[in-house]
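Undergrad:
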Amino acid sequence: MNDLSINSAIQSYLEELSGLRRVSGNTLEAYRKDLLQFAGFCSELNIDSVVQITEKKIRLFLIELNKKNLSRTSIGRKLSALRGLMNFLHRNEKISANPLKNISNPKAKRKLPETIDLDSYLKVLEKIDELNKDQTNEKVIFELLYGCALRVSELCNLNVGDYDKGRKILKVAGKGSKTRYVPIGTESMKILDEYLNSRGNLSPSEPLIVTKKNKRIYPRLARRVVHKYLSLVSDIEKKSPHVLRHSAATHMLDRGADLMAVKEILGHENLSTTQIYTQVSIERLKKTYKQAHPKS
202 MNDLSINSAI QSYLEELSGL RRVSGNTLEA YRKDLLQFAG FCSELNIDSV VQITEKKIRL
262 FLIELNKKNL SRTSIGRKLS ALRGLMNFLH RNEKISANPL KNISNPKAKR KLPETIDLDS
322 YLKVLEKIDE LNKDQTNEKV IFELLYGCAL RVSELCNLNV GDYDKGRKIL KVAGKGSKTR
382 YVPIGTESMK ILDEYLNSRG NLSPSEPLIV TKKNKRIYPR LARRVVHKYL SLVSDIEKKS
442 PHVLRHSAAT HMLDRGADLM AVKEILGHEN LSTTQIYTQV SIERLKKTYK QAHPKS
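All the letters of the sequence shown, read from the start, carry residue numbers 202 to 497 under the working numbering.
Next comes the structure, spelled out in structure tokens:
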């Protein structure tokens, strides 16, 4: 069994994730940071070889994470990255046994995602018309994030050719480079068509949404736009683009959408990820009942 340094092992594992498994750039960077944190911890203990990593050492690492008051979710994420690395090493016979075999992720209570109601969303569109009468990209950003329940990275990566007006769909490159087709509503199409027509003749390879300097929009810009307008209409804690995706999923289920259909629209790999929105809908029903029912 070859003696392999921890940093070399991490690099090899990340290369596999990027090449063979084709995970997203954001996921890859998160794994890199978590694994390098573990490598730094090992360095402090003068551990530089993967064969020196034991269950006891990993438990010491968990103690250090708890001392930093990290949430269970954050600790679980770091453990998942480490578990993936150890599985990789064991599979490639770099270690004789997986030291994480008897260590489970901490169970975290899943926090319900924050959403806005439909009235608040419509107020956002009104605010954009009031504050931005030249009809730039802001309304399109909201229409696609909410209307198509997109992730912000998916929105920014859209090209003109991904919009199929005849079939009323968007071709979306989701997590792990997995392609899905998302329906786009009539109102969203109307706003998108007006925006694209204002830009003149466009080739299929050009970005669907651009900045004022005619460059592809980027996630930070989209987050800034969304935060700006959500702050005007809502007092929810988080005012990120993902709130619009959460809201779209919840509103679809509120109106009787099939759970499997919502899963496909969102691009979730597991149904359990989508099921969180059914709980949001139930909580909204409870709130409405308490506020309006005379027997509540």
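All C-beta atoms in this analysis are idealised placements derived from N, C-alpha and C, irrespective of residue type, glycine included.
#1: Since Leu445 and Phe343 are thought to touch, with beta carbons under 8 Å apart, how far apart are those beta carbons, to the nearest angstrom?
#2: Output the boundary residues of the alpha helix (DSSP H) element that contains Ile392.
#3: Tell me the DSSP secondary structure of Ser441 in three-state form.
#4: What is the C-beta distance between Glu315 and Glu438, in whole angstroms, given that I count them as a contact (C-beta under 8 Å)?
#5: Roughly how many angstroms separate the alpha carbons of Ile254 and Pro300, rounded to a whole number?
#6: Between the Cα of Pro408 and the Cα atoms of Leu356, Arg368, Leu280 and Arg424, which residue gives the shortest distance?
#7: Can you tell me where the beta strand (DSSP E) with Thr380 in it begins and where it stops?
#8: Please classify Arg400: is it buried, with 16 or more other beta-carbons within 10 angstroms of its beta-carbon, or exposed?
#9: Can you give me the start and stop residues for the beta strand (DSSP E) that Lys234 sits inside?
#10: The alpha helix (DSSP H) spanning Leu422 covers which residue range?
#11: Mapping DSSP to helix, strand and coil, what is Asp249?
#12: Locate the alpha helix (DSSP H) running through Ile259, then write down its first and last residues.
#13: Would you say Leu346 and Ala423 are within 9 Å of each other, going by their C-beta atoms?
#14: When DSSP builds the beta bridges, which residues end up paired with Ala374?
#15: Check for me: the alpha helix (DSSP H) holding Asp320 runs from which residue to which?
#16: DSSP state of Ser497, grouped into three classes?
#17: Which partner residues of Asn360 appear in the DSSP bridge assignment?
#18: List the endpoints of the continuous alpha helix (DSSP H) containing Arg417.
#19: Taking just the CA atoms, how far does Ala374 sit from Ser219?
#20: Can you grab the Cα-Cα spacing for the pair Asp330 / Leu246, in whole Å?
#21: Thinking Leu319 and His452 are a contact (beta carbons under 8 Å), I'd like their distance in whole angstroms, please.
#22: Quick one: residues in its chain with C-beta nearer than 6 Å to the C-beta of Lys295, no 5 flanking neighbours on either side, listed in chain order?
#23: If we count the other Cβ atoms within 10 Å of its Cβ and call it buried at 16 or more, is Arg223 buried or exposed?
#24: Where do the N-terminal and C-terminal ends of the alpha helix (DSSP H) with Lys464 fall, by residue?
#25: Under three-state DSSP, which class holds Asp204?
#26: What span of residues does the alpha helix (DSSP H) with Ser281 cover, start to end?
TA: In brief:
#1: 7 Å
#2: Thr387 to Ser399
#3: coil
#4: 6 Å
#5: 7 Å
#6: Leu356
#7: Thr380 to Pro384
#8: exposed
#9: Unbroken run through Lys234 is the alpha helix (DSSP H), Gly226 to Glu245; no beta strand (DSSP E).
#10: Pro420 to Val434
#11: coil
#12: Glu256 to Lys268
#13: yes
#14: Thr380
#15: Leu319 to Leu332
#16: Interpretation of Ser497 is limited by its pLDDT of 45, a score under 50 that renders its predicted location unreliable; the figure taken from the coordinates is listed afterwards. Residue state, collapsed to three classes: coil.
#17: Pro408
#18: Run containing Arg417: none; DSSP gives neither H nor E here.
#19: 16 Å
#20: 59 Å
#21: 6 Å
#22: Leu205 and Val251
#23: exposed
#24: Leu460 to Leu467
#25: coil
#26: Arg273 to Arg292
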